[in-house]
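These notes concern the structure reproduced below.
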């Protein structure tokens, strides 16, 4: 049975929060 | 000392002393110099003025300077510690330091709390969480019914709002992330640990030897 994620787990998938992309050329 | 003054005169506008920045962050002097290579690239992508403006920041994150994003806006606001609408080199290094793998968990938790406290009331409120979920869905071109969104927000508050007052305070936040470490994954950028291999060009230009 699928488990619902909490909001912060969902939010943390935003590209806007992925600072790693600053380092990707 | 004459030598130091000469070096300061040679520094480009906005380039703060890497030794001073290294002493205030989790980066070595060489790493600060390597970050300057990245900063130069980002701050000159649209206007070469020695500062990262909002559009340059969006361009770096999304390859698109016009892409509006609630979370990128909040990160930009937090990086812009002086609140002057742009990110200077010192602000860039000090903020990125929070994302260093060696940075203390408490600093990461505080940064994330401020990030999610959209209206800066000192609490993460239910309306803020719902707004962020809606922003995420909008960003991902996903749609969920309002019932499901409410269920996600309800579940979050059942897990995080221990005293049941409808808002998450700092203590509740700390306890929540301790139980949900995956929520804090975004607060660590593994690249920051080997920044000197990601941006090796500084090696040929380094003026200062690392003390450590």
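Residue numbers (the working numbering), protein chains in the order written: chain A, -16 to 8; chain B, -18 to 193. Backbone N, C-alpha and C fix where the C-beta goes; we use that ideal spot for every residue, glycine too. Predicted model, so just to flag it, every value in this text is computed and none were measured.
Checklist entry - Taking the alpha helix (DSSP H) that residue 197/B falls in, what are its first and last residues? => result Because chain B here runs from -18 to 193, residue 197/B falls outside it and cannot be looked at.
Next on the checklist: Tell me the residue span of the alpha helix (DSSP H) that contains residue -1/B.
Outcome noted: The residue labelled residue -1/B in the question sits at position 18 within the second chain. -1 to 5 is the span of the alpha helix (DSSP H), which, as asked, contains residue -1/B.
Item to check | Neighbour flag for residue -11/A against chain B, beta carbons, 8 angstroms | outcome: By one-based count along the first chain, residue -11/A stands at place 6. Closer than 8 angstroms: yes.
Checklist entry - Using a Cβ-Cβ distance under 8 angstroms, would residue 110/B count as near chain A? => result If you number the second chain from 1, residue 110/B lands on position 129. Answer yes: the Cβ-Cβ gap between residue 110/B and chain A drops below 8 angstroms somewhere.
Checklist entry - DSSP beta-bridge partners for residue 33/B? => result Within the second chain, residue 33/B is the residue found at index 52, counting from 1. DSSP lists 68/B as partners of residue 33/B.
Item to check | Assigned secondary structure, residue 7/A (DSSP; H/G/I helix, E/B strand, else coil) | outcome: Taking the first residue of the first chain as position 1, residue 7/A is located at position 24. Residue 7/A falls in the coil class under three-state DSSP.
Checklist entry - For residue 13/B, which residues in chain A fall below 7 angstroms Cβ to Cβ? => result Counting from one through the second chain, the residue named residue 13/B turns up at place 32. Result: empty, since nearest Cβ-Cβ is about 15 angstroms, beyond 7 angstroms.
Next on the checklist: I'd like to check one pair, residue 169/B with residue 80/B: are the Cβ atoms closer than 8 angstroms?
Outcome noted: For the purposes of this step, residue 80/B is taken as residue 99 along the second chain, with counting starting at 1. For the purposes of this step, residue 169/B is taken as residue 188 along the second chain, with counting starting at 1. Result yes, Cβ atoms of residue 80/B and residue 169/B sit closer than 8 angstroms.
Next on the checklist: If distances are taken between C-alpha atoms only, which option among 165/B, -3/B, 180/B and -6/B comes closest to residue 82/B?
Outcome noted: Sequence index remark: in the second chain, residue 82/B carries index 101 (1-based). When each option's Cα is compared against that of residue 82/B, the closest is 165/B.
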